[in-house]
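Mapping to our numbering: the sequence shown position 1 is 16, numbers consecutive. In this text, a Cβ means the ideal position worked out from N, Cα and C, and glycines have one as well. For reference, the structure is listed below as structure tokens.
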Amino acid sequence: MQFDVITLFPELVSSLVESGVTGRAVNRGLVSLNCINPRAYATDVHKTVDDRPYGGGPGMVVRSDCLLQAINDAKQNNQGKVLYLSPQGKVLDQTLVKQLAQEQSLILVCGRYEGIDERVIELAVDLECSLGDYVLSGGELGAMVIMDAITRLVPGALGHTESAEQDSFSDGLLDCPHYTRPEVVQGLAIPEVLKSGNHAAIARWRRKQSLGRTWQRRPDLLQAKTLAQADKVLLEEYRQEQQASAEVLSHEQHYPTT
């Protein structure tokens, strides 16, 4: 996967490949990153890339000439889609990440200030993408999130191929809880089933927890998903277990032991 990032802060984006999963993927030749600074195309002595907005108003707008030249240069070696990081774009989710991961290369455009000249979007952008309903100081963090999420899906990027398959949202559900040593932490022990060695029982427990957590924390995900009968049974078991635990806790609070 090849990433070309149009950014006024290349040092910020480049930090992504200095460590972690993305860094290892770059070292293995699985991913490449090239940052292009629009200031390189500014023609004045101050390397100005922004200007006041037509119609007045606060802030500055990134100029079209510098951005379009940067994008055109990126396209010389990158024929992938052009993404603009924008709070007005399509919200990033795992489904979109998987779609983008099918591309051989991408060009990511990072806005700044009040945004970029709208004509850049009309002329050169294939997709606007948002991390969510909030505003950041620029598109760099969004670009880094997209690159990290995609890199996890590049074959060979993770130490274990099943890691990405079992991540939250990989099948429309949240991930199950995970535990490691020691067995007891401040009185909290790991579930007995995880020590049983019974792989079928462990898989069943993990699926139940995944369904239950999604039901509790992101019910909207379940509403968009058609559950198999086996999953419905597991989810009902989880609900009953939670209700029983709540009743025990309520009893203990009303009738504390002395």
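Nearest-angstrom Cα separation, counted from residue j out to residue i
i, j, result
"residue 137", "residue 205", "54 Å"
"residue 24", "residue 261", "51 Å"
"residue 112", "residue 203", "36 Å"
"residue 274", "residue 235", "Past the edges of the chain, shown from 16 to 273, lies residue 274, and the structure says nothing about it."
"residue 68", "residue 74", "8 Å"
"residue 227", "residue 108", "20 Å"
"residue 292", "residue 166", "Past the boundaries of the shown model lies residue 292; the chain is included only from 16 to 273, so the question cannot be answered."
"residue 40", "residue 266", "53 Å"
"residue 42", "residue 85", "26 Å"
"residue 313", "residue 29", "The structure shown does not extend to residue 313, since the chain is modelled only from 16 through 273, so no value can be given for it."
"residue 163", "residue 187", "19 Å"
"residue 83", "residue 90", "10 Å"
"residue 145", "residue 159", "12 Å"
"residue 217", "residue 250", "16 Å"
"residue 171", "residue 247", "34 Å"
"residue 34", "residue 119", "22 Å"
Beta-carbon separation (whole angstroms), residue i vs residue j, contact threshold 8 Å
i, j, result
"residue 124", "residue 140", "7 Å"
"residue 338", "residue 128", "The structure shown has nothing for residue 338, since the chain only spans 16 to 273."
"residue 143", "residue 104", "3 Å"
"residue 147", "residue 97", "Contact doesn't hold; Cβ gap of about 21 Å is too wide."
"residue 64", "residue 53", "5 Å"
"residue 51", "residue 88", "6 Å"
"residue 72", "residue 101", "Not confirmed; about 18 Å, so no contact."
Burial state of residue i, where buried means 16 or more other Cβ atoms lie within 10 Å
i, result
"residue 92", "exposed"
"residue 253", "buried"
"residue 198", "exposed"
"residue 208", "exposed"
"residue 99", "buried"
"residue 135", "buried"
"residue 152", "exposed"
"residue 224", "buried"
"residue 264", "exposed"
"residue 157", "buried"
"residue 195", "exposed"
"residue 95", "buried"
Neighbourhood of residue i by C-beta distance below 7 Å, restricted to the same chain and skipping five residues each side
i, result
"residue 27", "155"
"residue 189", "183, 225, 228, 229, 232 and 233"
Contacts around residue i, its chain only, beta-carbon distance under 6 Å, and the 5 residues preceding and following it disregarded
i, result
"residue 16", "46 and 169"
"residue 115", "165"
"residue 49", "19"
Sequence ranges, beta strand (DSSP E) only - wholly within the stretch 129 to 164, length at least 3: 142 to 145
Residue ranges of each alpha helix (DSSP H) within the stretch 34 to 120, 4 or longer: 35 to 42, 79 to 89 and 109 to 116
Every unbroken beta strand (DSSP E) within the stretch 167 to 239, with a cutoff of 3 residues, ordered by chain: none
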